[in-house]
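Numbering (the numbering used here), first residue to last: 4 to 327.
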Ligand SMILES: O=C(O)CCC(=O)C(=O)O
Ligand SMILES: [Fe+2]
């Protein structure tokens with residue numbers, strides 16, 4: 004396993020004990036659920052706490068941390084993978100939802116976003132990702148097509164630090180890789196002129212294809228020039244000149260050169276550094292047989308880079324604020 008992966012199978016019974024200390028029906032009282040996640044995060048096994056704290060402090064070169072071997076239910080004890088709609092309010096807690104909540108609580112605040120015009124899913128902290136028959140082409144509900152490289156909520160001032168994806172089920176054929184492209188790996192491959200050109204260059208970002216006149220203003224590379232943050236979302240970033248196009252092409256080529264496919268299987272939890280990687284997902288074949296790929300997702304904010312404003316709490320809905 005790479006240093007970006009932690010094998011959690013030795014902690015199975017401790018993790019199950021933590022999960023059982025959470026409310027059994029999370030959506031009946033989400034505040035209690037998120038408070039429980041923060042409290043129980045203090046009791047995570049020490050090596051896991053240390054790994055999360057280290058990643059939270061410095062990130063890593065790969066831009067992700069993968070927890071493997073978490074205590075997912077046996078497949079026949081899980082409900083069928085949904086193919087539409089939101090989770091029922093009375094659905095009993097799933098182990099991989101519990102892991103999402105506790106690991107999120109160790110990192111920061113689980114957050115719901117008003118995404119503005121682009122709201123494609125209900126405004127909630129706990130998202131579900133599964134293939135749907137007629138998905139929005141830029142959404143995680145796609146399966147037949149590759150989900151193009153992107154930064155989640157890059158148009159939003161309080162862009163989440165982390166995207167947490169935990170898997171109750173992987174896809175049947177093991178093809179639905181989450182595609183992770185780290186700017187820390189790609190930066191050395193970029194010509195100095197391209198780096199200089201893109202650094203702090205502002206792009207109009209058309210964040211919703213259904214409202215082409217609504218813009219946010221984003222930068223592809225910004226922050227520390229030697230260790231920059233990345234925003235990438237080609238279908239929404241408006242390249243105005245030939246030079247813009249050439250520079251974004253070069254950035255994409257560098258990102259593609261370092262892409263790492265991470266195939267999530269049951270019991271995996273992937274933590275994506277949403278400021279340092281662009282991510283996508285490889286195409287796969289859904290069967291609609293109740294056993295399709297089923298991920299749980301949450302966004303986490305920390306105090307890095309101004310996402311917290313003071314008085315913040317887990318579970319709150321962040322109002323829609325475009326980057327200007
Ligand atoms: O399905 C995945 O692995 C990633 C999905 C995703 O990036 C998204 O929904 O924004
Ligand atoms: Fe995403």
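The beta carbon of each residue, even a glycine, is placed where N, CA and C say it ideally should be.
Because the structure is a prediction, the values reported are computed rather than measured.
Reduced DSSP secondary structure (H/G/I, E/B, other) of residue i
i: residue 288; result: coil
i: residue 16; result: helix
i: residue 81; result: coil
i: residue 3; result: One cannot answer for residue 3 here, as it falls past the ends of the chain, which runs 4 to 327.
i: residue 295; result: coil
i: residue 4; result: Note on residue 4: pLDDT 47, under 50, position unreliable in the model; no value is reported.
i: residue 136; result: coil
i: residue 206; result: strand
i: residue 236; result: coil
i: residue 21; result: helix
i: residue 113; result: strand
i: residue 26; result: coil
i: residue 189; result: helix
i: residue 301; result: strand
i: residue 241; result: strand
Whole-angstrom C-beta distance between residue j and residue i, which should lie under 8 angstroms
i: residue 332; j: residue 277; result: Residue 332 lies beyond the residue range present for the chain, which begins at 4 and ends at 327; the question has no answer from this structure.
i: residue 172; j: residue 84; result: 6 angstroms
i: residue 323; j: residue 117; result: 4 angstroms
i: residue 167; j: residue 300; result: 7 angstroms
i: residue 179; j: residue 284; result: 6 angstroms
i: residue 28; j: residue 95; result: 6 angstroms
Spatial distance of residue i from residue j (CA atoms)
i: residue 111; j: residue 125; result: 22 angstroms
i: residue 221; j: residue 249; result: 18 angstroms
i: residue 37; j: residue 108; result: 7 angstroms
i: residue 100; j: residue 279; result: 25 angstroms
i: residue 102; j: residue 282; result: 22 angstroms
i: residue 4; j: residue 146; result: At residue 4, the pLDDT of 47 sits below 50, so the modelled position is not reliable; the number obtained from the coordinates is stated separately. Computed Cα separation, rounded: 27 angstroms.
i: residue 52; j: residue 70; result: 12 angstroms
i: residue 34; j: residue 244; result: 48 angstroms
i: residue 127; j: residue 43; result: 22 angstroms
i: residue 22; j: residue 275; result: 22 angstroms
i: residue 20; j: residue 262; result: 36 angstroms
i: residue 311; j: residue 302; result: 13 angstroms
i: residue 154; j: residue 11; result: 28 angstroms
i: residue 98; j: residue 151; result: 29 angstroms
i: residue 272; j: residue 132; result: 13 angstroms
i: residue 136; j: residue 144; result: 8 angstroms
i: residue 47; j: residue 258; result: 34 angstroms
i: residue 188; j: residue 26; result: 41 angstroms
i: residue 207; j: residue 237; result: 11 angstroms
i: residue 183; j: residue 251; result: 17 angstroms
i: residue 159; j: residue 325; result: 5 angstroms
i: residue 149; j: residue 114; result: 27 angstroms
i: residue 313; j: residue 306; result: 9 angstroms
Beta-bridge pairing of residue i - partner residues as DSSP gives them
i: residue 152; result: According to DSSP, residue 152 bridges with nothing at all.
i: residue 256; result: In DSSP, residue 256 forms no bridge with anything.
i: residue 175; result: Beta-bridge pairing links residue 175 to no other residue.
i: residue 325; result: 159
i: residue 274; result: 68 and 167
i: residue 265; result: 181
i: residue 220; result: 207
i: residue 231; result: 226
Of the listed residues the options, nearest to residue i (C-alpha basis)
i: residue 232; options: 203, 239 and 243; result: 203
i: residue 186; options: 97, 211, 198 and 176; result: 198
i: residue 315; options: 323, 308 and 304; result: 304
i: residue 3; options: 67, 28, 13 and 40; result: A question about residue 3 goes unanswered here, because the residues of the chain that appear run from 4 up to 327.
i: residue 54; options: 6, 299 and 140; result: 6
i: residue 8; options: 270, 217 and 177; result: 270
i: residue 196; options: 179, 80, 228 and 320; result: 228
i: residue 175; options: 193, 134 and 95; result: 134
i: residue 80; options: 129, 294 and 65; result: 294
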